Each structure stands twice: as C-alpha cells, then as structure tokens.
Amino acid sequence: MPFTQMNQIILLIFDTISIIIYILFIFTIIVNRKQQPFQSEFFRLSISLGVADIATVIHSYIFVRFPSWGWDKDWFLRNGSNGSFLPFYAISVQFALSFSQHIGVLLIGINRYSRIVLKQSSYDKMWSGRKLYIAVALQWFLATVWWATMIPQDFNYWNCYNNATSLSAGHFVATVDFTEESVQAIYYALAFALNVPINLISFAIYTVVLILSVKYTLKRRHCQVGVAESTPSTLVNAGHSRRIASELARKRSLERWFLPTEKFGMDFWSSELTRPKKAVGSYRCRRQC
C-alpha cells in the first residue's frame, strides 16, 4: 500500500502526541529533581537521554521526513544545493543525535546493573557527584566528535521521483544525503560498526538486569512468607488477628533486612535497587534466603 498523505498525517499525529507526553515526563523529572525518587542518578541520566530522543524525532521530521514526503520540497531544494549549510546540518546533526541516543541507553543500563551488583558505598563512589556529570558529558562529547568528522564532507538535497511502494509513491520528493556515494558508504558502514556493538552490549546488560531483578524480588517475597509463618502465636492469643500479626512481622522484617516497604515499588527506578541483605532474623528465613 502506498504511504499516502493520510498515513503521513496519522503518523505525524501519533508522534506528536508521544513527544508531548515525553516532554511532560522530562519536565516532571526536572521540576521534582530535588525530591525522591527523582534525585537518583537514573533519572538524571534519563533527562539526558530524553533530550536526545526528543531532539532526534523533531529534527528528523523537519529536515528528513517532511522533504522526503514531498512537503515543501521546493524550499529544501532551493536552499539545499551542494555545499550549502542546510543539508550538512540535516545529516550531521541527525547522525550525532542518533549516536547520543545509543550512548544514553548504554549509560542507563550500566547504571542499573551497577546498582544491583555493587554495594551502596561502591555505587555512590561510581556515580555520585562529578562522575555522573562526566558520564553525561561523555555522551554528548562522543556525539559531537561524530558530528565534527562530517564537517569536510559535501551534502545535498536531491529532487527525485519516488516510485517505490512507500513514502509518497508516485511523487517528486526531496531527499538529503552525501554527495559522493563512496563517502556515503564509508559513513554508513562506520555507523553500523559503532552502533551494533553498543546495542548488543546494551541488550545484554538489560537482560541481566531483568533476570537479577526478578530473582531478588522472588527472594524478598519468599522471606516475607517465611517470617509471617514464624510469627509467635502469643500475638494472636493477645487479641491480635493472624492477619495483623503477619503484616506487622512482614513490615518489621523488611525494615530490618531490606528496605522500607513504601520504597519497594520504586526500587528499580531509584537508587534503592539492591540485592537482598543477609537475614539476621528467624532461622527459617536465614536458611532459605
């Protein structure tokens, strides 16, 4: 089916709504950055990644998708001749923003993995203060280096007839790309060589984080059940119901061994994502955890 103008409008509306929600999400983090759980390093890294994501989508629509759909293509063709600034900006910034996205996803994965496997003191030493800002600066520095390598290259907006089965089939459109095909092949190959390993490493890290998170969550729940079953019967005989006794024992054990129960729901997203500590309570829970 041809990618008709109606399909383009639907896609634009969907992405616009998504970007608005994303902006509100980032705005919420920034406004509440001094409150928990938004003080954690995870949310600081999320702000940097969010800026890269939003900028990438907006930039790609204005300078790549709109002209490739044939929208106001004449303006891009007039101002995007060989050697002009417009096509250079369109391609180089798009490459740089996309690369910063990959680095940002990798940094968040490393942050979550280190939060699971490291002690609190080691995690704070690795991510707190200036080191967090160094990580964010590294994300954008590498993207800037990627952009700078394209300064000597030539780019152009091409007027071409799109007879494919997608993207404004049967219409003249303006596409932007490298002027020389040999240079184009080199840069696309280099982008593939850089981004694919980064994505594979990120996928492996997030997979391990998911597995460990499920593992430790199941351990915590198992210990909760063990403590509830070992609650002294005197509490019940004293007028308390078994449900109240179990709840008190569960909260007391969590506060002693792991985390306050109020924080349990936000563990993954805050700086409180930790391994279960060694149990020091009942013999049954100590043996099973």
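In my numbering, the protein residues as written are 356 to 644.
Just so you know, even glycine gets a beta-carbon here, dropped at the ideal spot from N, CA and C.
Owing to the predicted nature of the structure, the values given are computational and were not obtained by experimental measurement.
Opposing strand residues paired with residue i [DSSP bridges]
| i | result |
| --- | --- |
| V528 | C515 |
| F510 | F533 |
DSSP state of residue i mapped onto helix, strand, coil
| i | result |
| --- | --- |
| L545 | helix |
| I375 | helix |
| F454 | helix |
| F533 | strand |
| F393 | coil |
| T383 | helix |
| S477 | helix |
| W482 | helix |
| W430 | helix |
| T562 | helix |
| M361 | helix |
| W495 | helix |
| T504 | coil |
| G459 | helix |
| R388 | coil |
| G435 | coil |
| G425 | coil |
| L366 | helix |
Short Cβ contact (9 Å threshold) for residue i with residue j
| i | j | result |
| --- | --- | --- |
| N511 | V531 | yes |
| L647 | N466 | The requested residue 647 is not part of the displayed model; the chain covers only 356 to 644. |
| V680 | F421 | With the chain represented from 356 up to 644, any question about residue 680 goes unanswered, as that position is not in the structure. |
| F369 | I384 | no |
| N514 | L432 | yes |
| W482 | E535 | no |
| V491 | S557 | no |
| I506 | F443 | yes |
| Q539 | F533 | yes |
| V528 | S436 | no |
| F393 | N387 | yes |
Which listed residue (the options) has its alpha carbon closest to that of residue i
| i | options | result |
| --- | --- | --- |
| H457 | W501, Q363, I365 and F369 | W501 |
| I413 | S436, S453, F393 and G425 | S453 |
| V460 | V569, A559, I378 and P442 | A559 |
| S537 | G405, V563, D509 and V448 | D509 |
| R470 | L565, I541 and H577 | L565 |
| I463 | S439, P507, I364 and G405 | G405 |
| A544 | F450, K570 and K474 | F450 |
Residue i at chain C interface by Cβ criterion, 9 Å
| i | result |
| --- | --- |
| A544 | Absent from the structure is chain C; it holds one protein chain and no more. |
Under 8 Å: do the stretch 418-433 and the stretch 492-500 share three or more Cβ pairs, one atom per stretch?
no
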